[in-house]
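Chains as they are written, first to last, in the working numbering: chain A, 37 to 185; chain B, 37 to 185; chain C, 3 to 82; chain D, 3 to 82.
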Amino acid sequence: MKDPVHVALTHDPIHAQELIDAVASHSCGAISLFLGTVRDVNDGRAVTGIEYSAYVAMAEREMRSIVDEATQRFPGVRLALLHRVGRLELGEVSVGIAAAHPHRTPALDAARYTIEELKRRVPIWKREQYTDGTREWVDPTARRAEVAL
Amino acid sequence: MKDPVHVALTHDPIHAQELIDAVASHSCGAISLFLGTVRDVNDGRAVTGIEYSAYVAMAEREMRSIVDEATQRFPGVRLALLHRVGRLELGEVSVGIAAAHPHRTPALDAARYTIEELKRRVPIWKREQYTDGTREWVDPTARRAEVAL
Amino acid sequence: MTVRVLLFASYADAIGSPELTLDVPDGARVSDVVERLRLLPGADRLPPAPLVAVNAVYAAAGSALAPGDEVAIIPPVAGG
Amino acid sequence: MTVRVLLFASYADAIGSPELTLDVPDGARVSDVVERLRLLPGADRLPPAPLVAVNAVYAAAGSALAPGDEVAIIPPVAGG
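Rendered as structure tokens:
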């Protein structure tokens, strides 16, 4: 697994099989793959697409940190992490994570750890485009506050 | 998603993308895929391949039950579950699970629930073949007992 | 009455066959079939209380059987 | 000394630019840069305590800055 290739932001479509091939090994009996995809509804509004942007240098740095941390927490795990930037249509993959391990529990846990940390701290933003032609930057903290009401 | 096609035992190779395509939907923002693969070492012995067999009617019945249960536990989840039978070489996929959901936590939880229940109760057996030419039926309960000593 | 017994994996190897037909008394239970199997050569390799399924559903040792039932003796499962 | 300020997403829209160069006193801290930004038109849309990264690492409001530092004001992240 070549690290610079498999922890990255990319403008190109993310393919599940490439992520799997990046981590698969005869020493591993389990692979957990997570894909985030563009959904047609968010917060009750009809979405037609999402534009992702990032603080590229910092995002890739944080993504590598997360993968390094996961490797420490789940020794023996092999990880790949790609996040898309640019304009994505409905159903397209925005983030892909593959985690391979000799055993299933660390593989599953490592994939989950990686997506949770990515959502918590990697400087990536998304602007949703709606069917009425408007577009808006998504603020998950504002949304959580509303849900808490 | 055509249920009979996507909860099944199969003699054919299991492809990740087919499982993903079976569950993907514009209403889902998350897909969790789990693959079990043939590992080169088990309990310290060098493995060259595994032969899977099943009580076919019951195994497919239990697999459908598990998928139905997961759908109840994680409302809105879309699941696919395939398990291979026959002779598999190192690295081949023995089991494939895909779970799609509008949100990531139920997708991740449903994939984990499905593999845990499959391992607990679906009547499938495996005979490992070793580099020394011998082969043996795997008994996870015996192994767990040894680990407990 | 007659029941069909299915054996799998290590149990089929132990008994030397994947399938048997057994005559059992009317009203026989799962445990009666298991005890009958114990009389066969190789059956010492069955555990004290093997898992059993009747007509493809897990069944308790005390479950009553009907003529023609398919009684499967289930070795420890190892899928995945 | 001079620092480079990066703005992203909704913050870049608010201030009207993705990047600024600011002159700040020697020894200035992250919080001093944020206070300077508040003088700009549109800066009322910044939150009371925005997240900040210095040279691509999250930094506390009290962190001291050096000449040429890249100070990024980080809107709520929304990756995935």
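We put the beta carbon where it would ideally sit given N, CA and C, even for glycine. These numbers come from a predicted model, not from an experiment.
Q) How far does the alpha helix (DSSP H) with Arg75/B in it reach, from first residue to last? A) Neither: Arg75/B is in no alpha helix (DSSP H) and is coded neither H nor E.
Q) Buried or exposed: where does Leu48/C fall if 16 or more other Cβ atoms within 10 Å of its Cβ makes it buried? A) By the neighbour-count definition (other C-beta atoms within 10 Å, threshold 16), Leu48/C is a buried residue.
Q: Tell me whether the beta-carbon of Thr73/B lies closer than 7 Å to the beta-carbon of Val129/B.
A: Cβ distance < 7 Å, so Thr73/B and Val129/B count as in contact.
Q | Rounded separation between Val158/B and Ala51/D - CA only | A | A straight-line Cα-Cα distance of about 54 Å links Val158/B and Ala51/D.
(Q) Can you pull the chain A neighbours of Ile17/D, defined as C-beta to C-beta under 8 Å? (A) Residues of chain A whose Cβ lies closer than 8 Å to the Cβ of Ile17/D do not exist, since the nearest Cβ in that chain is about 14 Å away.
Q: Report all residues from its chain with a CB closer than 7 Å to the CB of His139/B; omit the five preceding and five following residues, and keep chain order.
A: So the list reads Gly65 and Ala66, once near-sequence residues are dropped.
Q. Three or more C-beta pairs closer than 8 Å, one from the segment 169 to 179 of chain A and one from the segment 5 to 15 of chain D: is that the case here?
A. Taking 8 Å as the limit for Cβ pairs, the verdict is that the segment 5 to 15 of chain D does touch the segment 169 to 179 of chain A.
Q.
Please tell me whether Ser65/C has its Cβ less than 7 Å away from any Cβ of chain B.
A. Between Ser65/C and chain B, the shortest Cβ-Cβ separation is not below 7 Å.
**Q.** Those residues which DSSP pairs with Ile75/D across a bridge
**A.** BP columns for Ile75/D point to Leu9/D and Val54/D.
Q. Which class does Tyr60/C belong to by DSSP, given the choice of helix, strand or coil?
A. Of the three classes helix, strand and coil, the one that applies to Tyr60/C here is strand, per DSSP.
Q. How long is the line joining the alpha carbons of Val54/D and Asp104/A, rounded to whole angstroms?
A. Rounded to the nearest whole angstrom, the C-alpha separation of Val54/D and Asp104/A is 23 Å.
Q) Should Ala134/B be listed as close to the ligand HEM, given that the test is whether its C-beta is under 6 Å from any heavy atom? A) The ligand HEM is absent from the structure shown, which contains no ligands of any kind.
Q: Kindly list, in the order they appear in chain B, the residues whose Cβ is closer than 7 Å to that of Pro78/C.
A: In chain order, Asp175, Pro176 and Thr177 make up the part of chain B whose C-beta sits under 7 Å from the C-beta of Pro78/C.
(Q) With DSSP as the reference, identify every bridge partner of Lys155/A, one or two as the case may be. (A) Bridge partners of Lys155/A: none, in fact.
**Q.** Identified DSSP bridge partners for Ile67/A
**A.** Ala136/A and Leu71/B.
Q.
Applying the 10 Å Cβ sphere with the 16-neighbour rule, what's the burial state of Gly64/C?
A. With fewer than 16 neighbouring CB atoms inside 10 Å of its own CB, Gly64/C falls in the exposed class.
Q: Return yes when the Cβ of Ile160/B is within less than 7 Å of the Cβ of Ile133/B, no when it is not.
A: Not closer than 7 Å, so no.
**Q.** Distance, Leu115/A Cα to Ile75/D Cα
**A.** Their backbone Cα atoms lie some 29 Å apart in a straight line.
**Q.** As assigned by DSSP and simplified to three states, the class of Arg148/A
**A.** Helix, per DSSP.
Q: State buried or exposed for Glu164/B, treating a residue as buried only when at least 16 other CB atoms are found within 10 Å of its CB.
A: Here Glu164/B is buried: its Cβ has 16 or more other Cβ atoms, across all protein chains shown, within 10 Å.
Q) So which of Thr177/A, Tyr166/A, Ala178/A and Pro176/A has the shortest CA-CA distance to Thr84/A? A) For Thr84/A, the nearest C-alpha among the options comes from Tyr166/A.
Q | Residue burial classification, Glu96/A (beta-carbon count within 10 angstroms, cutoff 16) | A | So Glu96/A ends up on the buried side.
Q: Run the CB neighbour count on Ala68/C, radius 10 Å, all protein chains shown included, and call it buried at 16 or more, exposed below.
A: Ala68/C should be labelled exposed.
Q) Interface residues of chain A around Thr150/B at Cβ under 7 Å? A) Those within 7 Å of Thr150/B in chain A number zero; the least Cβ separation is about 11 Å.
Q) In this structure, what does DSSP give as the bridge partners for Leu45/B? A) Listed as beta-bridge partners of Leu45/B by DSSP are His119/B.
Q. In chain C, which residues lie less than 9 Å from Ile56/B when you measure between Cβ atoms?
A. Within 9 Å Cβ-Cβ: nothing; Ile56/B doesn't reach chain C, min ~19 Å.
Q | Segments assigned alpha helix (DSSP H), at least 4 residues, entirely inside the segment 13 to 47 of chain D | A | Those alpha helix (DSSP H) runs which fall completely within the segment 13 to 47 of chain D and span 4+ residues are 32 to 39.
Q: Work out the CA separation of Asp48/A and Pro40/A for me, nearest whole Å.
A: Caution applies to Pro40/A, whose pLDDT of 38 falls short of 50 and renders its modelled position unreliable; the model cannot decide the point.
(Q) Based on DSSP bridge pairs, tell me the residues matched to Ile86/A. (A) According to the DSSP secondary-structure assignment, Ile86/A is paired through a beta bridge with Leu124/A and Glu164/A.
Q: Measure the C-alpha to C-alpha separation of Ala93/B and Thr177/A and round it to an integer number of angstroms.
A: Taking the CA atoms as reference points, Ala93/B sits about 49 Å from Thr177/A.
Q: With 7 Å as the threshold, decide whether the Cβ of Ser12/C is near any Cβ in chain B.
A: Yes, Ser12/C lies at the interface with chain B (some Cβ there is under 7 Å from its Cβ).
**Q.** Buried or exposed by the 16-neighbour rule on C-beta atoms within 10 Å, applied to Ala147/A
**A.** Flag for Ala147/A reads buried.
Q. Based on the DSSP output, what are the partners of Thr4/C in its beta bridges?
A. The partner list for Thr4/C (beta bridge, DSSP) reads Asp25/C.
(Q) DSSP three-state label for Ser101/A, please. (A) Three-state DSSP puts Ser101/A in a helix.
Q. Taking 7 Å as the CB-CB cut-off, is Ala58/C touching chain B?
A. Yes, Ala58/C counts as interfacial toward chain B.
Q.
Could you give the first and the last residue of the continuous alpha helix (DSSP H) run that contains Leu67/C?
A. Neither: Leu67/C is in no alpha helix (DSSP H) and is coded neither H nor E.
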